[in-house]
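To get my numbering, take the position in the sequence shown, counting from 1, and add 9. The C-beta atom is built at its ideal place from N, Cα and C for all residues, glycine as well.
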Amino acid sequence: MTAQANPPFDLGLEALRTAYRTGATPPRALIARLIERASALNPEYRLFIHLLGADELEPYLAALDGKSPESLPLYGVPFAIKDNIDLAGVPTTAACPAFAYTPGRSATLVERLIALGAVPIGKTNLDQFATGLNGTRSPYGACRNAVLPDYPSGGSSSGSSLAVALGVASFALGTDTAGSGRVPAALNNLVGTKPTRGLLSTAGVVPACRTLDCVTYFTASAREASALLALTTGSDPLDPYSRHNPAWNHDSAFGVPQRFRFGIPSTPDLAYFGCAEGPALFAAAVETVRAIGGEPVEIDFSPFLEAARLLYEGPWVAERYAVAGPLLERHPDAVLPVIRAVLAKAPAATAVEAFTAQYRLQAFKARCDALMDGLDCVLTPTIGRPVTLAELDAEPVLRNSELGHYTNFMNLLDYAAVAVPSGFMRNGLPWGVTLFGRAFTDQYLLSLADAVQRRHALPLAGGRVPETSAGAQRAQHDKVRIVVCGAHLEGLPLNWQLTRRHARLVERTASSARYKLYALAGGPPLRPGMIRVAEGGAAIEVEVWELPSSELGSFLSAIPAPLGLGKVELADGRWESGFICEPCGLEGATDITAFGGWRAYLARAEAPRG
């Protein structure tokens, strides 16, 4: 990393809490130093369009007066805002001076962050109207890379990524429609969190494609992104595209990943656009994810890539035109030529074409969802290869398109994604991968990204100190594992209660040797009860099934007394949710522990199966 990317102070959330708690650095002093540093960096990096002055900062700093650092979770934390997101009293330009307006109210997300104690320090540069993935399409200047001057920052959230990478903000807000919150993360050694559509409010955000847009976080670590996401998700009545965050995707879902299956594109679907280092870097990333508990599964990646092409070939270009079009018609020269070229075909788009594209997209989504059904996530490179500023200048559309090869489909298909650093190229440029999954698996993906960062122990952006502690909490996502030992086993009379709820068999294994198995009185169907005991127990044959979390309630309500769901210890020491029996259910029951499992008991006793 360059000297400029290593500031003399740590802006990590925990480091700031400690500094404020001990009184070592008051918020006013820190923010003043950051503004001074940002002003010095701006002529070279062009990261800010507007840095807040002392008078503009004062209301935010004054709001902290008299409060203790413990009273607000983001007390005095400096953050930067992409300049297509409103900050009250400061012009929003979307990198187009002729479009600029001054909002009277901040975007909902900005309001939430300020209410939590965070302090905005400025509005950051971007590709005009958030149309681009490279960071050079701005009348306020091209944003160069934080590490190497011959490379771009990536875009469209160019300035936001640099604010964190160069150590002038603890975190920054970006937006992402086609990869704008992930490509800059990969190029600047950052975590780029592109949440599920609607998880973070877009009220007060200049749309690119309103039906697809997401607000994103740039952070040095996945753990910080998890904390920020947990603090700021929630439905917003001002945003009609806002969505409720389900319980399985709250902060309790962030933790240590257990065994999981992750998809990787088949070799023919991997594209590096001539980058000689890409294949080895991605192979190393696959081995890292395997090392944290993952089982790689090759998948057909072609439907994801076909869906991606719709973003700039279909009606979503017309949706972009809905924002910039009126200005373009009145003052065409106010819009950069490359943006005009992207939007040129939008006025000719028809409603018939729009519906046809929607039908195609839905067909791709059905195929992609089916591929992901048995997976916990998918791993890809974030970009195929970095491009130089000279290459972008020579072929701006082609090179920009290459940067979006692995990102363009994500919002179209309604997936969550996290870009995470995974190495450096020989020239020192950062390189990273993306973990993506079903909607509302954001905290699970951040858990995996955190494990990747801890495994690599790479230097963090902005001179941060890497996290080493894994914590004790187990990572969770939109599916829950259920241990069954009796009539719910595959092929037995009650297994339909699982399969009808789209559950899948994960593994056949055994409990720890701390259980007794009983054949309960009554039936049909015949049922066992498994009870944990202090001594005299044995390992019992069980199956582990994975059930959509949304189906758990109806499944639980169908379980008759004396059975219920509790925690079951497996042979390898894991604890999973599973069937247990209340002691009162043992009246009239027969101890069948010696058989080692329900199937063996049924076979030896020649009992009927249904």
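- Under the three-state reduction of DSSP, His465 is assigned to helix.
- Measuring C-alpha to C-alpha distances from Val387 to each of Glu411, Val306, Pro158 and Gly113 identifies Val306 as the nearest.
- Annotated as distal: Val200 and Gly480, with beta-carbon spacing of 8 Å or more.
- A Cβ-Cβ separation of about 12 Å leaves Val515 out of contact with Gly587 under the 8 Å criterion.
- The beta carbon of Pro255 sits closer than 8 Å to those of Phe449, Asp487, Ser558 and Ser559, all from its chain and outside the five residues before and after it, given in chain order.
- Taking the CA atoms as reference points, Arg523 sits about 9 Å from Ile549.
- Sequence-distant Cβ neighbours of Arg349 in its own chain, meaning closer than 8 Å and more than five residues away, are Leu337 and Pro341.
- Less than 8 Å separates the beta-carbon of Phe180 from that of Tyr226.
- Assigned with DSSP and collapsed to three states, Asp600 falls in strand.
- By alpha-carbon distance to Pro87, the top candidate from Phe271, Ala41 and Ser410 is Ala41.
- Straight-line measurement puts the Cα of Phe310 at about 31 Å from the Cα of Gln137.
- About 6 Å separates the CB atoms of Tyr149 and Arg55; that is less than 8 Å, so the two are in contact.
- Distance check between Thr202 and each of Cys284, Leu454, Glu286 and Arg517 places Leu454 closest, using alpha-carbon atoms only.
- Bridge pairing for Asp185: Cys223 [DSSP].
- Taken atom to atom, the span from the alpha-carbon of Arg509 to that of Glu499 is near 13 Å.
- In the displayed model, Gly472 falls within a helix according to three-state DSSP.
- For the segment 277 to 335, the full-length beta strand (DSSP E) segments reaching 3 residues or more read 303 to 308 along the chain.
- When DSSP assignments are scanned along the segment 93 to 122, no uninterrupted stretch of beta strand (DSSP E) that is 3 or more residues long falls wholly within it.
- With 16 or more neighbouring CB atoms inside 10 Å of its own CB, Val551 falls in the buried class.
- In the structure shown, the three-state DSSP call for Glu53 is helix.
- Here Gly432 is bridged, per DSSP, to Trp440.
- Ala294 and Ser431 have their C-alpha atoms roughly 6 Å apart.
- Our two residues, Ser210 and Trp440, have alpha carbons roughly 30 Å apart in a direct line.
- When only Cα atoms are considered, Arg447 and Pro312 end up about 16 Å apart.
- Pairwise C-beta distances place the segment 142 to 156 out of contact with the segment 68 to 83, as fewer than three of them are shorter than 8 Å.
- Here Ala355 is near Tyr330, since their CB atoms are less than 8 Å apart.
- For Pro390, the uninterrupted beta strand (DSSP E) run begins and ends at Cys386 to Pro390, by DSSP.
- A check of alpha carbon separations from Ala239 across Trp257, Leu247, Asp248 and Ala229 identifies Trp257 as the nearest.
- Here the segment 391 to 404 does not lie against the segment 373 to 382, with fewer than 3 beta-carbon pairs under 8 Å apart.
- Inter-segment contact for the segment 387 to 397 and the segment 408 to 423 is present: three or more beta-carbon pairs are separated by less than 8 Å.
- Considered as a whole, the segment 30 to 81 harbours 57 to 60 as its complete beta strand (DSSP E) runs of no fewer than 3 residues, in chain order.
- Rounded to whole angstroms, the Cβ separation of Leu421 and Leu319 is 6 Å, and the two are in contact under 8 Å.
- Here Ala375 is exposed. Its C-beta has fewer than 16 other C-beta atoms within 10 Å.
- If you look at Cys152, you'll find it isn't in any beta strand (DSSP E); DSSP assigns it neither H nor E.
- Shown here, Cys218 sits in coil according to DSSP, grouped into three states, outside any helix or strand.
- For Glu233, the uninterrupted alpha helix (DSSP H) segment begins and ends at Ala231 to Thr241.
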